[in-house]
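> Numbering (UniProt numbering), first residue to last: 1 to 119. The beta-carbon is built from N, C-alpha and C at its ideal position, and this holds for glycine as well. This one's a predicted model, so the numbers in the text were calculated from it and none came from an experiment.
#1: Can you round the beta-carbon distance between residue 6 and residue 54 to whole angstroms, since I take them to be within the 8 Å contact cut?
#2: Are the beta-carbon atoms belonging to residue 62 and residue 13 less than 8 Å from one another?
#3: Could you compute how far the alpha carbon of residue 49 sits from the alpha carbon of residue 22?
#4: Which value, in whole angstroms, describes the spacing of the CA atoms of residue 113 and residue 56?
#5: Near residue 42, which residues of its chain fall below 7 Å by C-beta distance, leaving aside the five closest residues on each side in sequence?
#6: Only counting the same chain, and skipping five residues up and downstream in sequence, which positions put a Cβ closer than 7 Å to that of residue 64?
#7: Between the Cα of residue 38 and the Cα atoms of 71, 27, 17, which residue gives the shortest distance?
#8: Out of 68, 3, 78, point me to the one whose CA is closest to residue 34's CA.
#9: Anyone know if the C-beta pair for residue 58 and residue 10 falls short of 8 Å?
#10: DSSP on residue 61, reduced to helix/strand/coil?
#11: Taking the alpha carbon of residue 71 as the reference point, which residue from 3, 24, 8 has its own alpha carbon closest?
#12: To the nearest angstrom, report how far apart residue 27 and residue 40 are at their CA atoms.
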């Protein structure tokens, strides 16, 4: 990691995310998502050396945390176009800063089926 100041900011953000997960008012699935997402994202980015890239990742994490706490939605914000409009294909498409949760996690029905089978 870059400077000690960036390391301190990153660790502070990580602690705030874990604190938010501990006090999260939603269901346990959302709490688990917050913890797993924080753990995997921080592990994925721990090899970054560029101070500007580290700063961008910290800023993105802070924005996601603020969004989650304000709207009580732990999942990343999806950037959608207004209904009935299409993005022009001749322009370069914007890439999200992060990907939405994949369906590999399964659905709530899968979770209910697993719980029903284990009873």
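The answer reads as follows:
#1: 5 Å
#2: yes
#3: 30 Å
#4: 40 Å
#5: 14
#6: 76
#7: 17
#8: 68
#9: yes
#10: helix
#11: 24
#12: 20 Å
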